Every structure is written in C-alpha cells, then in structure tokens.
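S.K.: Numbering (our numbering), first residue to last: 73 to 464.
Think of the CB as a built atom: it goes at the ideal place given N, C-alpha and C, for glycine as much as any other residue.
The model shown is predicted, which means the values in this text are computed figures rather than measured ones.
Before I ask anything, here is the structure I am working with.
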Ligand code: HH2
C-alpha cells in the first residue's frame, strides 16, 4: 500500500507520512540527519516522531516532518535525488504544501464569480420547507422565501442556498415533485431579481437539473455526489460549480451510531473521491468545493475534532465550505435546546472555522455572521502578512 500524506500547522508545518515501511522510515531519518550535517539544506526540518500511530486506532506507522514551508520544499527536492523512498514522495510533499498554502480560489460558475481569495464568503440558508431543524415553516411559501432571500442579500450574503427538503437527522425523503414545487418558483424569481449566485441544496439530480435550468448556478449536494448517479454529469452539463459534502449514512439513519476509525482521514478520502467523481463526469476541478458535513453522521466529539483540525482539509487543494449554523452540537456544548438561540455559539465556530481555512460559511444569521467573518478576516490577514517571510 502506498503511504498517505497529511499536513497541518501554521508557520511551522507538519507533514505526516502514514504507512512507510520501516526501511523507508529509516532512510528518511538518515537523509534528514545527513542534511543536518552539511548536505546543503540550510536549516533542516526535524523529524518529529517516528512510528507513532497517527490516531489511536490506526495500526500503520507514521513519520512526521516539521519545518517551515521553505524548509519542507527544500527537503522535498532533496528526497527526489534519493532511491528507496516511497514513489513520488517529493512531488506529493510539494503539491501538499502548495494546496495547504493556497488561498487565491476564484470560482466561476455560469457567469457568476466568487473571489474567495478576497474575503470569506457567506452562504445564506433559505429553507423553503415546513420542517427544517431551526427555521422550518418560517419561509415555506414563495413570497416569504423571496422576502427572506432579499433580507439576506441586503445583509451581505454572497450566495443564497435554496433547499426544499430538510436533511435533519431522521428526516424522510421527499418526492421530487414536491421538492421542485417548493423551490423552482423561488429560484426563477430570485435569479431574475438578485445578482447574487444561487445554489440548490439537493441530492437529487433531476431536482438539480431543473434548478439549474431555472437559474441556479451552484449545486450543493449533502451526499457528495453519491446519492444520485447522474448528479456529477448534471452539474457538468450546466457548467455549474459543486459543493461536495461528506455524509456517513443517510439523513434518516446517520445519527444512529456514527463510527470512524480515523474521522479526518475517512472524510478526506470521501471528499477526494468526490472531487474525482466530479472531474471524471466533466466538472472543472476549479469548480469543486469541499465540506466536511458537520452533523451529518457525526457525534459531538467528531464535530469538535473536525472543527479543531479543519486546516488539514486544505491539503485537498479545494476551498472549504463550513456549515455549523445553529446545529445540535452547539446546543449540546452550551446546553441550549432552541436552535435560534445558538447564534453566539455559531459565531465561535465561524471565527475559528475561518482561522482554520473555511472560505465559505453557510449560515442562517447572515447579518451577525457577516460581522464575525469580516473581523476574523482582518485578524487572519494581519497574521498571514506577519508570517510572509517564512512562506517564500
Ligand atoms: N447543512 C444542512 C443542509 N445543507 N449543505 C452543506 N454544504 N453543508 C452543511 O453543513 C449543510 C448543508 C442542514 O442545515 P439546514 O438546511 O438549516 O437544516 P435542514 O436540513 O433541516 O433544512
């Protein structure tokens, strides 16, 4: 089996190589030692830990390299001239670093542009449903939905995410006809009226197709293109961007007993495969976005770990969408049963999520979260500037 590489950190980064053979791990150690003793590497990265299981339940060994991006890049070049290391290690380290440090994402989708390098974008949630977990019934009719979309656009929404079926834990699937009858009139009217791009929150390819024909420009699929075999091709046919979200199970059963041996690794693998599914069907890789799927087949501990280690998803080289807004795990930590009272808790997750690399935050309270995002952006930008010399 080929070793798997992961990356994390700030300023000084750590690249974890999981699953090298003991011969390869020894060779890595020798190379780094020789580079320390005048092999022309300059300040050499150090070998942090060896043969440490990466997570308690992983059995394969892992070797971690730590250093500044410049040091790690030099080391990658140095590895290229050595035999006996895992095939392509040098290139993999190089592209992992490029992915991790990238922030200039620009998504162009059906004539709409999201310049994600400029600032964090806000995706305002528009649930045209009677039963969504936090605002079910509030915007169920077309006129009320339109009014709420206008409010969110005025409050700073960069995208309006329109959904006709609740995917809360335990939710039963809705018929296509019913889902279409809820969202299509809203999409038609909004796409004629508002300049902001519209995304359609659906896992059904037929619904996505009609929504795109009605003027939506992004597909937001909570199943990561898995529930409808035609979804990726539908997005490709319309030149639409796609949000590929991770879910374990289905909305009906996902919270019954979510289990992972390595929560971050498994979600990353699912998202990486989702990107490849999209690309194979003809979606431009530059139009793919990833989302770890907070609350979709995850316990409280899983959700907290995903947020804490969100930066690791940057290694996939695609912009991160984060949907924490008013969710149950916030209620669990703060002991707040009413979702609409979880706004301050949501603010904490938005600020931290942005700091860890989220480029789009999917939120219900657009005006309040716009302030949180602008403030966090200002701080993150300042710290990026002060670190700039290390990033060359
Ligand atoms: N969460 C929900 C729905 N769609 N899409 C993405 N990309 N990421 C998410 O985290 C996400 C999502 C659930 O929230 P909501 O739409 O408010 O609730 P409901 O499914 O009950 O309508």
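Kindly confirm or deny that the segment 350-365 and the segment 274-285 touch, where touching means at least three C-beta pairs closer than 8 Å.
M.R.: The segment 350-365 is not in contact with the segment 274-285.
S.K.: Under a three-way DSSP split, which group does residue 220 fall into?
M.R.: Position 148 of the chain shown, counted from the start, is the residue given in the question as residue 220. Helix at residue 220.
S.K.: According to DSSP, simplified to helix, strand and coil, what is residue 383?
M.R.: Residue mapping note: residue 383 aligns to position 311 of the chain shown, counting from 1. Three-state result, residue 383: helix.
S.K.: Helix, strand or coil, according to DSSP, for residue 309 in the structure here?
M.R.: By 1-based counting over the chain shown, the position of residue 309 is 237. Correct three-state label for residue 309: helix.
S.K.: If you drop the 5 nearest sequence neighbours on each side, which residues of the same chain put their C-beta closer than 6 Å to that of residue 125?
M.R.: Reading the chain shown from its first residue, position 53 is the one you call residue 125. Per-residue confidence for residue 125 stands at a pLDDT of 36, beneath the threshold of 50, marking its modelled position as unreliable; the derived number appears in the next sentence. Around residue 125: no qualifying Cβ.
S.K.: Smallest Cα separation from residue 162: which of 173, 149 and 315?
M.R.: Residue numbering aside, residue 162 sits at position 90 when the chain shown is read from its first letter. When only C-alpha atoms are compared, the closest one is 149.
S.K.: According to DSSP, simplified to helix, strand and coil, what is residue 199?
M.R.: Sequence index remark: in the chain shown, residue 199 carries index 127 (1-based). DSSP places residue 199 in strand when its eight states are reduced to three.
S.K.: Suppose you measure from the CA of residue 183 to the CA of residue 416; what does that come to, to the nearest Å?
M.R.: Indexing the chain shown from 1 puts residue 183 at position 111. Indexing the chain shown from 1 puts residue 416 at position 344. The alpha-carbon atoms of residue 183 and residue 416 are separated by roughly 35 Å.
S.K.: Are the segment 299-308 and the segment 366-383 touching, with three or more C-beta to C-beta distances below 8 Å?
M.R.: No, the segment 299-308 is not in contact with the segment 366-383.
S.K.: Taking the alpha carbon of residue 330 as the reference point, which residue from 234, 341 and 368 has its own alpha carbon closest?
M.R.: On the chain shown, position 258 is the one that residue 330 refers to. Considering only alpha carbons, the answer is 368.
S.K.: With a threshold of 7 Å between beta carbons, is residue 177 in contact with chain D?
M.R.: Checking the listed chains, one finds no chain D in this structure; it contains a single protein chain.
S.K.: In three-state DSSP terms, what is residue 73?
M.R.: The count along the chain shown starts at 1 and reaches residue 73 at position 1. Correct three-state label for residue 73: coil.
S.K.: Is the separation between the beta-carbon of residue 319 and that of residue 295 shorter than 7 Å?
M.R.: As a working mapping, residue 319 is identified with position 247 in the chain shown. As a working mapping, residue 295 is identified with position 223 in the chain shown. Closer than 7 Å, so yes.
S.K.: Does DSSP classify residue 319 as helix, strand or coil?
M.R.: Position 247 of the chain shown, counting from 1, holds the residue named residue 319. It is coil, neither helix nor strand.
S.K.: In terms of residues, what are the limits of the alpha helix (DSSP H) holding residue 161?
M.R.: Here residue 161 is taken as the residue at index 89 of the chain shown, counted from 1. Its alpha helix (DSSP H) spans residues 161-173.
S.K.: Tell me which residues share the same chain as residue 115 and place their Cβ nearer than 7 Å to its Cβ, disregarding the 5 neighbours each side in the sequence.
M.R.: Taking the first residue of the chain shown as position 1, residue 115 is located at position 43. Per-residue confidence for residue 115 stands at a pLDDT of 42, beneath the threshold of 50, marking its modelled position as unreliable; the derived number appears in the next sentence. Taken in chain order, the residues that qualify are 143.
S.K.: Buried or exposed, going by whether 16 or more other CB atoms sit within 10 Å of the CB of residue 267?
M.R.: Within the chain shown, the letter at position 195 stands for residue 267. Classification for residue 267: exposed.
S.K.: Can you tell me whether residue 256 is buried or exposed? The criterion is at least 16 other CB atoms within 10 Å of its CB, across all chains shown.
M.R.: The residue you call residue 256 lines up with position 184 of the chain shown. Buried, since its Cβ has 16 or more Cβ neighbours within 10 Å.
S.K.: How many angstroms separate the CA atom of residue 251 from the CA atom of residue 236?
M.R.: Your numbering for residue 251 matches position 179 in the chain shown. Your numbering for residue 236 matches position 164 in the chain shown. The straight-line gap from Cα to Cα measures roughly 5 Å.
S.K.: State the Cα-Cα distance for the pair residue 444 and residue 154, rounded to the nearest angstrom.
M.R.: By one-based count along the chain shown, residue 444 stands at place 372. By one-based count along the chain shown, residue 154 stands at place 82. Roughly 48 Å between the two C-alpha positions.
S.K.: Kindly provide the ranges of any beta strand (DSSP E) runs that are 3 or more residues long and lie completely inside the segment 341-401, ordered along the chain.
M.R.: Qualifying beta strand (DSSP E) stretches, in chain order: 360-363 and 392-394.
S.K.: Which residue from 439, 455 and 410 puts its Cα closest to that of residue 419?
M.R.: Stepping through the chain shown from its first residue, residue 419 is reached at position 347. The option with the nearest alpha carbon to residue 419 is 439.
S.K.: Any chance the CB of residue 294 is under 6 Å from a heavy atom of the ligand HH2?
M.R.: Mapped onto the chain shown, residue 294 falls at position 222. Flag set: Cβ of residue 294 near the ligand HH2.
S.K.: Helix, strand or coil, according to DSSP, for residue 252 in the structure here?
M.R.: Translated into the one-based positions of the chain shown, residue 252 becomes position 180. The answer is helix: DSSP assigns residue 252 an H, G or I state.
S.K.: May I ask which residues mark the beginning and end of the alpha helix (DSSP H) holding residue 146?
M.R.: Against the chain shown, residue 146 aligns to sequence position 74. Run containing residue 146: 141-152, per the alpha helix (DSSP H) assignment.
S.K.: Look up residue 114 in the DSSP assignment and say whether it is helix, strand or coil.
M.R.: Stepping through the chain shown from its first residue, residue 114 is reached at position 42. Bear in mind that the predicted position of residue 114 carries a pLDDT of just 40, short of 50, making it unreliable; the figure below should be weighed with that in mind. Coil.
S.K.: Looking at the secondary structure, which residues open and close the beta strand (DSSP E) in which residue 186 lies?
M.R.: Counting from one through the chain shown, the residue named residue 186 turns up at place 114. It spans 184-187 - the beta strand (DSSP E) in which residue 186 sits, taken as one unbroken run.
S.K.: Within 6 Å: the Cβ of residue 205 and any heavy atom of the ligand HH2?
M.R.: Sequence index remark: in the chain shown, residue 205 carries index 133 (1-based). Yes, Cβ of residue 205 sits closer than 6 Å to a heavy atom of the ligand HH2.
S.K.: Let me make sure I understand the geometry here. Which of 189, 225 and 93 has the alpha-carbon closest to that of residue 426?
M.R.: As a first step, residue 426 must be located in the chain shown, where it is residue number 354. Per the Cα distances, 189.
S.K.: Can you give the Cα-Cα distance for residue 94 and residue 137, rounded to whole angstroms?
M.R.: As a working mapping, residue 94 is identified with position 22 in the chain shown. As a working mapping, residue 137 is identified with position 65 in the chain shown. Rounded to the nearest angstrom, the two C-alpha atoms are 16 Å apart.
S.K.: Nearest by alpha-carbon distance to residue 424: which of 410, 376, 454 and 170 is it?
M.R.: Position 352 of the chain shown holds residue 424. Residue 424 has its Cα closest to that of 376, out of 410, 376, 454 and 170.
S.K.: Mind checking whether residue 263 and residue 287 have CB atoms under 7 Å apart?
M.R.: Locating residue 263 in the chain shown gives position 191, where the first residue counts as 1. Locating residue 287 in the chain shown gives position 215, where the first residue counts as 1. Yes. Within cutoff.
S.K.: Between residue 82 and residue 300, what straight-line distance do the alpha-carbon atoms span, to the nearest angstrom?
M.R.: As a position in the chain shown, residue 82 is number 10, starting the count at 1. As a position in the chain shown, residue 300 is number 228, starting the count at 1. C-alpha separation (whole angstroms): 38 Å.
S.K.: For residue 131 and residue 92, I'd like the C-alpha separation in whole angstroms.
M.R.: For the purposes of this step, residue 131 is identified with residue 59 of the chain shown, where counting begins at 1. For the purposes of this step, residue 92 is identified with residue 20 of the chain shown, where counting begins at 1. Per-residue confidence for residue 131 stands at a pLDDT of 37, beneath the threshold of 50, marking its modelled position as unreliable; the derived number appears in the next sentence. Spanning the two alpha carbons is a distance of roughly 12 Å.
S.K.: What residues in its chain sit with their C-beta under 7 Å from that of residue 177, if we drop five residues either side in the sequence?
M.R.: As a first step, residue 177 is located in the chain shown; it is residue number 105 there, counting from the start. So the qualifying residues of the chain are 188, 189, 391 and 431.
S.K.: Alpha carbon to alpha carbon, how far is residue 316 from residue 322? Give it in angstroms, no decimals.
M.R.: The sequence position of residue 322 within the chain shown is 250, counting from 1. The sequence position of residue 316 within the chain shown is 244, counting from 1. Between residue 322 and residue 316, the C-alpha separation is close to 15 Å.
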